[in-house]
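So for the sequence shown, our numbering puts the first residue at 95; every next one is plus one.
Glycine residues also receive a C-beta, built at the ideal position from the N, C-alpha and C atoms.
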Amino acid sequence: MPDHIPKQKSISAVCLPKQKSTPSARFGIGQRLYGKIANSDLMTKQKQAETCVAYVRVSSARQVEEGVSIETQIRRVKSLAEFREFLLPDENIFIDEGVSAGVPLWKRPAGKQMLKQIICSKVRHLLAYKLDRVFRNTRDCLATVDELQDEDVSIHFCEFDGGPMDTTSATGRMFLTVLAAFGELERGLISERTKHALTFLKQNRKRFTKDIYGWDCDDEGNLTPNDEEQRWIDWMRVEYFNDDVSATQIARKLNEKGIPTKRGKKWGHSGVLRTIKCEFHKHR
95 MPDHIPKQKS ISAVCLPKQK STPSARFGIG QRLYGKIANS DLMTKQKQAE TCVAYVRVSS
155 ARQVEEGVSI ETQIRRVKSL AEFREFLLPD ENIFIDEGVS AGVPLWKRPA GKQMLKQIIC
215 SKVRHLLAYK LDRVFRNTRD CLATVDELQD EDVSIHFCEF DGGPMDTTSA TGRMFLTVLA
275 AFGELERGLI SERTKHALTF LKQNRKRFTK DIYGWDCDDE GNLTPNDEEQ RWIDWMRVEY
335 FNDDVSATQI ARKLNEKGIP TKRGKKWGHS GVLRTIKCEF HKHR
């Protein structure tokens, strides 16, 4: 033990009855030896446990309701890290909230930080809840896996019992390709069904969103024109398309006139553009 560290009474010396002093007890030889062994065992375990990173993503509030919230994903990846005996410090959990899967992984805010951590710290394991949390489509999946493989990084998913994806063998790569393709197919079918449903609602003037400026919704979900708001929509369209007034200027004029949005808030340029370009207004 270094001389500059002050010696303290051992727990045994405080709690046990006073016994005959021995050379080893007087000089703390046993304590030093035991301490070295304990520290050595701890360091060995820490060396054996590899550090990993985890990626978590949600794109909308809807996913929270469906059981894949940020908290759920964090809990699952932490359990997976413990099961695989990986070290997963909190700073190695990278979270993208409100980010679409359409954005490539390395271009997402947290994805960029994770890539930097993987390269700088030479991390060899990436954990995620599901395949679709990380990749946007089959091509993106295979390209990203190749990049990770070049860095000698293995990917582990909770949905596959936490085992690493074998992307080095032909069989493993085919399995990954099939899974990614099915995920892409599922997202495509959902998108098609959503578009068809929205088209039907728009054509039948049924409610298809929370609030839409220019329309009121009755108890049965039917949309009826709000005459006052419809007049302001016409005014906005004339300003924007005929008089070449910017959306920012239109928003400022509306706010100066005291005209609120559907939710009673102030206008912004994005709200103006969304209102004047809304296809639903063509059915007026």
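Of the choices the options, whose alpha-carbon is the least far from that of residue i?
i, options, result
"residue 219", "145, 195 and 261", "145"
"residue 174", "197, 350, 235 and 147", "147"
"residue 204", "265, 342 and 150", "150"
"residue 323", "370, 350 and 336", "370"
"residue 196", "266, 282 and 251", "282"
"residue 177", "162, 246, 193 and 252", "252"
"residue 236", "272, 250 and 202", "272"
"residue 200", "222, 319 and 229", "229"
"residue 234", "209, 275 and 320", "275"
"residue 325", "340, 353 and 336", "353"
How would you write the range of the alpha helix (DSSP H) that residue i sits in, first residue to last?
i, result
"residue 322", "321-331"
"residue 143", "First-last for residue 143: undefined, no H or E at that position."
"residue 383", "Absent from the model: residue 383. The displayed extent of the chain is 95 to 378, so no value can be given."
"residue 205", "203-215"
Would you identify the three-state DSSP class for residue i, choosing helix, strand or coil?
i, result
"residue 132", "Unreliable placement is indicated for residue 132, whose pLDDT of 48 sits below 50; no coordinate value is reported for it."
"residue 350", "helix"
"residue 361", "coil"
"residue 310", "strand"
"residue 248", "strand"
"residue 342", "helix"
"residue 270", "helix"
"residue 261", "coil"
Between residue i and the rest of its own chain, which residues show a CB-CB distance below 8 Å, the 5 nearest in sequence each way excluded?
i, result
"residue 215", "145"
Output the boundary residues of the beta strand (DSSP E) element that contains residue i.
i, result
"residue 148", "147-152"
"residue 190", "187-191"
"residue 175", "Residue 175 -> not in any beta strand (DSSP E); alpha helix (DSSP H) instead, spanning 164-177."
"residue 222", "219-222"
Buried or exposed: where does residue i fall if 16 or more other Cβ atoms within 10 Å of its Cβ makes it buried?
i, result
"residue 268", "exposed"
"residue 136", "Only weak support is given to the placement of residue 136: the predicted model assigns it a pLDDT of 48, under 50, and the value that follows is read from those uncertain coordinates. So residue 136 counts as exposed."
"residue 332", "exposed"
"residue 185", "exposed"
"residue 380", "Residue numbering for the chain in the displayed model covers 95 to 378; residue 380 lies beyond these limits and cannot be assessed."
Apart from the five residues on each side of it in sequence, which residues of its chain come closer than 7 Å, Cβ to Cβ, to residue i?
i, result
"residue 361", "345, 348, 349 and 355"
"residue 189", "150, 164 and 204"
"residue 245", "212 and 213"
Skipping 5 residues on each side, what residues in its chain have a beta carbon closer than 6 Å to that of residue i?
i, result
"residue 342", "363"
"residue 171", "148 and 221"
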